[in-house]
Amino acid sequence: MDTTGPRTAESLAARFHDVDSSGVPEDFIAYLRKMEESESGRAVRKATYRALETAGSKGTDVGCGAGRAVADLVGLGKDAVGVDSSQAMVDAALARFPDCRFVQGSAFELPFEDGELSWYRSERTFLHFGDPAEALSEARRVLKPGGTIVLADPDLGSMVVSSRIPGTTEAVKHAFCSAVPNPHSGTRSASHLADAGFTDIEVVPIMAALNDHASAFGVVLEPALTAALARGVVSEEEAARWKDDLSDLSRRNAFTATATFFVTTARRAS
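Numbering (UniProt numbering), first residue to last: 1 to 270.
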C-alpha cells in the first residue's frame, strides 16, 4: 500500500528537518523506506560505500534516518554510529537494527570529540540545510586530519519528466526547489566543501531513473506536485491534467522521470 499521502507530500518538501513535530513521523519513515528500496537509492548508497573503503574504521552517518546505511557499513566492517535529529527516526532505526548504534543529535553539534572520527557520511540531508557552512565546520571538527567526508545529494533542478505539458512540469519543479532549503545541494557541495577547507574533492554524478510511474510519484513527483499546489502555482485542474498525462504515458510504456545525484568526496586537510 502507498503510505505517502498528501499530508506527507506537503511535509516532505519543507519539514524533513522537523519530523518529530510533524505529527506524522511514520509517513517520513515510510518515505525513506521507499527511497532505500529503489534502484537509484541502492546505487547512491553503494557509491558512498566505495568512497569510504580506504577510510579508517570509526565514523558517523549524519541524518541516518531509518538506519539502512549504518547497518550496511557495520556489515562492511566499519564502526558506524548513526546520528539523526529525529527521535522517531532513531527509534525506528534501533527497532530495525538493534545491534547497531544510533543516537539523537544535531549535525551542528555532533556527540563526538575533536578529531575522533575517520569518516563522515551524509545522504539527502544537506538538502535541508539553508546554510551548510555550520554543518561542514562541525564535520571538520570531528574528523581526524586526512579523514574522509562523503555527501550524497540530488540537485532538484535536474529533474526531468516526460510530460507533454512542459509548462506545468516547470512550475512543479520550480515549486519543489522553492520548498526545500538547499535544493541544489548536489551541485554545490563541492564548492561548499572547498570553502570549508576540505581538499582532494571528487564528484561522481549518478542519474536516478524512475521509469516506473508509481515509484516516481511515491518518491518525488507527488511531493513536488503538492508543493506546487500549496504555493498556488498550479491549479487543481492543471494538476489533474498533468497527472492524467503521465498516467497515459505510463500505460503506453512511454513514461520516464530522472534526476541526478552527486556523490561528493573530500578530505579534511592534514
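By construction, the Cβ of each residue, glycine as well, lies at the ideal position given by its N, Cα and C atoms.
For residue i and residue j, I'd like the C-alpha separation in whole angstroms.
i                 : j            : result
glycine 197       : alanine 227  : 35 Å
arginine 252      : valine 161   : 15 Å
valine 19         : glycine 167  : 32 Å
valine 203        : glutamate 36 : 21 Å
arginine 231      : glycine 146  : 45 Å
leucine 221       : serine 270   : 43 Å
serine 189        : glycine 218  : 26 Å
histidine 213     : lysine 243   : 10 Å
valine 53         : serine 235   : The question names valine, but residue 53 in the sequence shown is glutamate. Looking at the two C-alpha atoms, the distance is approximately 48 Å.
phenylalanine 176 : valine 233   : 11 Å
Please classify residue i as buried or exposed, where buried requires at least 16 other C-beta atoms within 10 Å of its C-beta.
i             : result
arginine 7    : Residue confidence for arginine 7 is low, a pLDDT of 45 falling below 50, so the modelled location carries little weight and cannot support an answer.
threonine 125 : buried
serine 191    : exposed
proline 154   : buried
valine 50     : At residue 50 the sequence reads arginine, which differs from the valine that was named. So arginine 50 ends up on the exposed side.
lysine 46     : exposed
proline 111   : exposed
leucine 76    : exposed
proline 98    : exposed
Could you pull out every residue in the same chain whose Cβ sits closer than 6 Å to the Cβ of residue i, ignoring the five residues on either side in sequence?
i             : result
valine 107    : Note on residue identity: the sequence assigns alanine, not valine, to residue 107. These residues qualify, in order along the chain: Val62, Ala135.
valine 172    : Ala224, Leu225, Ala228
cysteine 100  : Val70, Ala71, Val74
leucine 193   : Ile201, Ala266
alanine 257   : Val161, Leu210, Ala216
isoleucine 29 : Ala66, Ala92
arginine 68   : Glu36
proline 132   : Phe126, His192
threonine 199 : Arg267, Ala269
Once the 5 residues before and after residue i are set aside, which same chain residues still bring their CB inside 8 Å of it?
i             : result
methionine 1  : The pLDDT assigned to methionine 1 is 31, lower than 50, so where the model puts this residue is not dependable, and the model offers no usable value.
arginine 241  : Ile165, Thr168
threonine 260 : Pro154, Asp155, Ser158, Gly186, Pro205, Ile206, Met207, Ala208
serine 118    : Ala55, Gly56, Ser57, Lys58, Gly59, Leu143, Lys144, Gly147, Thr148
Kindly indicate if chain B contains any beta-carbon less than 8 Å away from that of residue i.
i           : result
alanine 208 : This model lacks chain B altogether; it includes just one protein chain.
Roughly how far, in whole angstroms, is the beta-carbon of residue i from the beta-carbon of residue j, given that I think they are within contact range, below 8 Å?
i             : j            : result
aspartate 114 : arginine 141 : 6 Å
serine 40     : alanine 209  : 7 Å
threonine 148 : alanine 55   : 4 Å
threonine 264 : leucine 94   : Contact flag wrong, Cβ pair sits at about 29 Å.
At a threshold of 7 Å, does residue i count as lining the ligand MN (C-beta to nearest heavy atom)?
i            : result
aspartate 61 : Looking for the ligand MN in the displayed structure turns up nothing, as the structure carries no ligands at all.
Would the beta-carbon of residue i fall within 8 Å of that of residue j?
i             : j            : result
valine 81     : threonine 60 : yes
methionine 89 : glycine 105  : no
I'd like the list of long-range same chain contacts for residue i, defined as Cβ closer than 7 Å, with 5 residues on each side in sequence excluded.
i           : result
residue 340 : For the chain, the structure presents residues 1 to 270; residue 340 sits outside this window and is missing.
leucine 32  : Gly65, Ala66
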